[in-house]
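S.K.:
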Amino acid sequence: MRTPFAPSRFPFFYGWVIVFAATIGSIFSIPGQTMGFSVFTDVLIEELGLSRVQLSLAYCLGTVASGLTLPWLGRVLDRWGERRMAVASVLATGLVLFYLANCGVISQALGQALPAAAAAFIVIGLGFYMIRAAAQGVLSMTCRNAIGKWFDHRRGLALAISGVLVSFSYSFAPRGLDWLIDRYGYDGAWLRMGVVTIVIMAPIAWLLFRDTPEEAGLEMDGGKVASAAAANPDMQIHREFTRGEALRDYSFWVFNLTFSFYGLYATAFTFHILSLASEYQFADERILSLFVPIAATSVLTNLVFGAINARLRLKWLLLVMNLGCLSATLGMLFLDKPGGVPAYVIGNGIASGGFVSLTGIVFPRFYGRLHLGAISGVNMSAMVIASGLGPLAFGLCQQFSGSYRGILVASVFVPTLLALLSLKADNPQRKLTGD
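Counting from 15, one number per residue, gives the positions in the sequence shown under the working numbering.
Structural data, given as structure tokens:
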């Protein structure tokens with residue numbers, strides 16, 4: 015793909031332009047993120063005539079199906095490069111939003127040949143599959159990998175800066191989308207989002223994304239390395255791991271399972287947020303307002319992780335993230351008790367900030383950049399599948415027991431176990447040198 019200008023001619027390191035472009039791209043993935051769907055949940059239940067469990071099942075199946083395609087799409091990313099993949103995923107996201115804007119009409123048309131509920135289930139399930147694959151899956155993965163390929167010792171800082179803007183955008187997205195729905199309806203909201211995605215983000219991806227600094231005649235970090243970071247054995251790359259080798263590594267699975275559990279739990283909370291508010295007798299406005307302090311805590315955690323990650327082992331940061339998940343699960347379980355809200359907000363903020371930081375740092379540091387798309391594709395697949403199972407598990411628990419309490423109790427044990435497993439999640443690069 016031809017490039018309109020040479021990054022090497024910029025008066026500053028072009029990697030910071032990549033950070034800007036990838037950050038904007040991550041923000042444009044909101045339609046495929048859970049918070050981008052949460053405000054549509056009750057509207058879709060009413061418009062499509064589906065029950066909460068039916069919609070949760072459609073979301074689960076669509077999400078799991080998209081997750082199963084991501085390992086293959088990760089290998090495509092390695093072949094195509096970040097620039098071409100960013101353009102393709104942005105265009106796909108815009109087109110899928112057009113489809114979702116017309117899902118009611120399509121459902122009615124298909125309902126002439128099938129039962130209305132079956133038609134609605136198929137149409138919205140296909141929509142969930144496509145938007146989760148295009149936006150949450152490929153676009154998010156491409157943006158994260160782009161930053162990871164342009165930075166090494168400053169990777170944490172670059173991801174932290176990006177994460178600040180992304181976290182605040184995510185926290186305000188539900189209210190912004192709710193305003194769009196109130197003003198234009200769910201179909202008008204998705205239609206306008208599709209137009210903006212194609213008109214604004216596609217040109218940004220084509221103009222600003224570049225695959226690697228080496229292809230542009232540059233070096234990672236702009237050729238500048240902090241001495242303290244350079245002295246850290248955890249920062250040294252001794253070999254490039256293939257996907258198969260990474261999948262046989264214990265540390266990959268501890269990090270992967272931690273990220274996946276966070277995706278499952280955070281998605282379930284966001285998807286059923288208004289129903290959870292009702293169970294705890296919280297006003298909708300009160301529980302929605304929790305997103306802002308969570309985002310503030312997430313940003314602070316992300317910045318701290320970004321500042322210190324190059325000086326220590328990532329397993330300690332993973333431990334902190336898991337303890338944050340534990341606090342969040344306990345806080346949600348006792349949300350209506352004294353200390354429940356602070357425990358949930360602080361714990362979720364720490365887990366969220368750790369998630370944003372570590373998902374971009376760990377895989378290029380542990381396994382190198384050569385097969386980063388294939389390796390991160392497996393991780394993204396697991397996270398996406400988990401995020402699809404979460405809302406279904408919570409929905410089934412509420413449907414059959416009349417409460418979320420059972421699934422909330424079970425959720426406490428997972429981060430407890432993962433916190434213990436984190437203690438042995440060492441960098442495989444260190445093992446090659448006997449450290």
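Glycine included, each C-beta is placed from N, C-alpha and C at the ideal position.
1. Drop a sphere of 10 angstroms on the beta-carbon of V78, count the other beta-carbons inside from all chains shown, and report buried for 16 or more, exposed for fewer.
2. Is G151 buried or exposed, if buried means 16 or more other CB atoms sit within 10 Å of its CB?
3. Alpha carbon to alpha carbon, how far is L288 from V392? Give it in angstroms, no decimals.
4. I need the boundaries of the alpha helix (DSSP H) containing M249, first residue and last residue.
5. Fully enclosed by the stretch 406 to 440, which alpha helix (DSSP H) runs are 4 residues long or longer?
6. Do A400 and S292 have their beta-carbon atoms positioned less than 8 Å apart in this structure?
7. Compute the Euclidean distance between the alpha carbons of L194 and D263, then round it to the nearest angstrom.
8. Taking C-beta to C-beta, are S278 and L432 nearer than 8 Å?
9. Would you say F377 and Q443 are within 8 Å of each other, going by their C-beta atoms?
10. Check whether the Cβ of V209 sits closer than 7 Å to any heavy atom of the ligand MG, and report yes or no.
11. Keeping to the same chain, check which residues put their C-beta closer than 6 Å to that of K163; ignore five residues upstream and five downstream.
12. Using the beta-carbon count (16 or more within 10 Å), is D166 buried or exposed?
13. Which term fits E96, buried or exposed, when burial requires 16 or more other beta carbons within 10 angstroms of its beta carbon?
14. Among G76, W267, P129, which residue has its Cα nearest to the Cα of L403?
15. Counting only the same chain and skipping the five closest in sequence on each side, list residues whose C-beta sits under 6 Å from that of N316.
16. Could you pull out every residue in the same chain whose Cβ sits closer than 7 Å to the Cβ of Q250, ignoring the five residues on either side in sequence?
17. Please report the residue range of the alpha helix (DSSP H) in which S366 lies.
18. In angstroms, rounded to a whole number, what distance separates the CA positions of F85 and M394?
19. Let me know the secondary structure DSSP gives G277 once reduced to three states.
20. Suppose the cutoff is 6 Å on Cβ atoms and the five residues either side in sequence are ignored; what does the same chain contact list for R168 look like?
21. Less than 8 Å between the CB atoms is what I'm expecting for C117 and P405, so what's the real figure, rounded?
22. Where do the N-terminal and C-terminal ends of the alpha helix (DSSP H) with L384 fall, by residue?
23. Is L58 near Y200, with beta carbons less than 8 Å apart?
24. Straight-line CA distance for F414 to T156?
M.R.: Quick look at the numbers:
1. Buried.
2. buried
3. 32 Å
4. From DSSP, M249 is part of no alpha helix (DSSP H); its letter is neither H nor E.
5. 419 to 436
6. no
7. 45 Å
8. At residue 278 the sequence reads Leu, which differs from the Ser that was named. No, the pair does not count as a contact, with Cβ atoms beyond the cut-off.
9. no
10. Absence of the ligand MG is noted for the structure shown, with no ligands found whatsoever.
11. T226, R383
12. So D166 counts as buried.
13. buried
14. G76
15. A174, G177, G367, V370, S371
16. Excluding residues within five positions, the ones whose Cβ falls inside 7 Å are Q443.
17. 354 to 381
18. It is worth fixing the name first, because residue 85 is Pro in this sequence and not Phe. Going by the C-alpha atoms only, they are around 8 Å apart.
19. helix
20. D235
21. For C117 against P405, the beta-carbon gap comes to about 18 Å, at or over 8 Å, which does not count as contact.
22. Run containing L384: none; DSSP gives neither H nor E here.
23. yes
24. 39 Å
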